[in-house]
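Right, one structure below, let's go through it.
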């Protein structure tokens, strides 16, 4: 193969694409590549969506296809697809668009131009074939299970009937494992395949010689979401499928007049954990699917990855006059080897969310938003965090530094433990209420504040509605009270017990959380009343929100030096400053940088009583400029 003459691509215009045809030759198969203008009608064609890397051989190119008088060395991952086409008798039918072959990958300018056309290329294809790879020992079982789900869903069965039929282990254990393996195939993890899944009008999945429709796959994912005991819902494979189904639901809602929240920042927050050969594509690969990407970034492969991420953060702040984007740097923080400052999100990180990832992702926040269902998107007002009130941001970019105006509100003191962060006990200075607090809180008041903090004072996952105080407090006390009673025979959720063990000794106003909880009999809760909800599937409940904030997002209960109660991320430390930055929806944590006057950004923070901007009117707080690097 080394003696073969490499094919030299003809130059195409910015408004052109290439399509290919497979043709038979005496020695096998060859290609014809033809340019077509997007400004004119073009022949019908099919697109291939696939992964460049083979599971066993990576991105090797051990074979070639003849094109004219030259040869193109072809990815090994395409070989099995071409064999499948041959077995199906479709190899020489019609035209195809396959990115690796139809784009001159060695030409950066052409790559940048072609990326801007990909949405139209996939949308206008008569069919898109998603090639998941060769069959496995359970791929046929997975496809049949998907088709079973599809039929069951089309019959109009209720959620209760769905859960009764498929939830739990037993008859369908092997089927759920097969479905998880189906969703674990490499294609599901690739960043570019998000738009390749959402944009086309007609999609078919191929695995080996088996075929199944996109709609059937989405119905199966819908059923999997309802079956919390199947074991699939908390897997990374499920998140691959579930998040892209949500993106597709929002994308197809656009023609129906729904103004969906597919901002580039929201899509990146949910999908940047996916695989990308080029880390710049963690943004570029989502721009066509977003509603605002082209107003914030241009596709430019001459920029470094760090330059692209920095440019995006600065563009967001400048366009929206909002600092909310920096909160994502709390969960997507740059590695020590990176040149990115602490306030710029580093989208390399592998955090995989299927819940609203941050408080600034609240539904009210149109410039960020979240992947809530189209039916939840309305023009009706919803509650929102506004820690800085109506104060506009004051900011200046000084090289890689971000200098912003704001106030210091408090200091982090004690912090509960989590799976990846150790417990930090409160100091003596938070034992009593500060001068800013009228009087020490009662046990009931403290427990109510803890309840609000644990769920971020919101009823729902998408942060649209206030926490129903009485309902959530009832469930909180009924679920937690047995934990403080060593003689209790009440069964407690293991996740709740584990959290309690990591938090029980946290000192609040001179008493441990455990001892305060023992006073729950004084709260007025009727312990002979209805049993509290303990099914996390019911998302708009205390336990549903607990699973989101504590289990899935790993936030931790904290008490400040002034005795305020709140929630912080796993990176928070004793001594971090709780600040309100003008132009940011929520309080944030900043950490002094050595002996300098500069700071590093830590993350966002929930602090009870400090989320609506009123604290800025109630207290005299000295304004300060923070230089964050």
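Residue numbers (full-length UniProt numbering): 1 to 629. C-beta atoms are modelled at their ideal positions from N, C-alpha and C, and glycine is treated no differently. As the structure is a computational prediction, the values presented were derived from the model and not from experiment.
- For residue 556, the enclosing beta strand (DSSP E) stretches over residues 556-560.
- Assigned with DSSP and collapsed to three states, residue 126 falls in coil, not helix or strand.
- Counting C-beta pairs closer than 8 Å gives three or more between the stretch 567-575 and the stretch 548-556, which meets the contact rule.
- Apart from the 5 residues on each side of it in sequence, residue 67 sits with its Cβ closer than 8 Å to the Cβ of 7, 30, 31, 32 and 33 in its chain, given in chain order.
- By the Cβ test, the stretch 152-159 is not in contact with the stretch 179-190, since fewer than three Cβ pairs between them sit closer than 8 Å.
- Residue pairing from DSSP places residue 71 in a beta bridge opposite 6 and 66.
- Separation of residue 509 and residue 403 (C-alpha to C-alpha, rounded to the nearest whole angstrom) is 35 Å.
- Checking the DSSP bridge columns, you'll see residue 395 partnered with 404.
- Contact between the stretch 12-29 and the stretch 86-104 is present: 3 or more CB-CB pairs across the two stretches fall below 8 Å.
- For residue 501, the enclosing alpha helix (DSSP H) begins and ends at 494-503.
- Where residue 45 is concerned, there is no enclosing alpha helix (DSSP H), although the beta strand (DSSP E) around it starts and stops at 45-49.
- Three or more Cβ pairs drawn from the stretch 358-373 and the stretch 315-328 lie within less than 8 Å of each other, which places the two stretches in contact.
- The beta carbon of residue 101 is closer than 6 Å to those of 20 in its chain, skipping five residues each way along the sequence.
- With a contact defined as Cβ atoms closer than 8 Å, residue 457 and residue 466 qualify at about 7 Å.
- Residue 581 is positioned such that its CB atom lies closer than 8 Å to that of residue 406.
- By the C-beta density criterion, residue 536 is buried, having at least 16 other C-beta atoms within 10 angstroms.
- Within the DSSP bridge table, the entry for residue 605 names 568 as partners.
- C-alpha of residue 447 to C-alpha of residue 218: approximately 41 Å in a straight line.
- A contact is defined here as three or more CB-CB pairs under 8 Å, and the stretch 171-182 meets this definition with respect to the stretch 129-146.
- Fewer than three pairs of CB atoms, one per stretch, sit closer than 8 Å, so the stretch 367-374 makes no contact with the stretch 513-532.
- Exposed is the label assigned to residue 15, since fewer than 16 other Cβ atoms lie within 10 Å of its Cβ.
- Nearest C-alpha to residue 162 among 222, 198, 216 and 121: 222.
- Pairing residue 629 with residue 341 gives a Cβ-Cβ distance under 8 Å.
- Beta-bridge pairing by DSSP links residue 30 to 23 and 66.
- With 16 or more other Cβ atoms inside 10 Å of its own Cβ, residue 329 counts as buried.
- For residue 217, the enclosing alpha helix (DSSP H) has its first and last residue at 214-226.
- When beta bridges are read from the DSSP output, residue 590 appears opposite 577 and 601.
- Excluding its 5 nearest sequence neighbours in each direction, residue 37 has C-beta neighbours in its own chain below 8 Å: 13, 15 and 16, listed in chain order.
- Per DSSP, residue 151 lies in no beta strand (DSSP E) segment; the continuous alpha helix (DSSP H) that holds it begins and ends at 139-154.
- If you draw a 10 Å sphere on the C-beta of residue 603, you find 16 or more other C-beta atoms in it, and that means buried.
- For the pair residue 453 and residue 554, the CB atoms are not nearer than the 8 Å cut-off.
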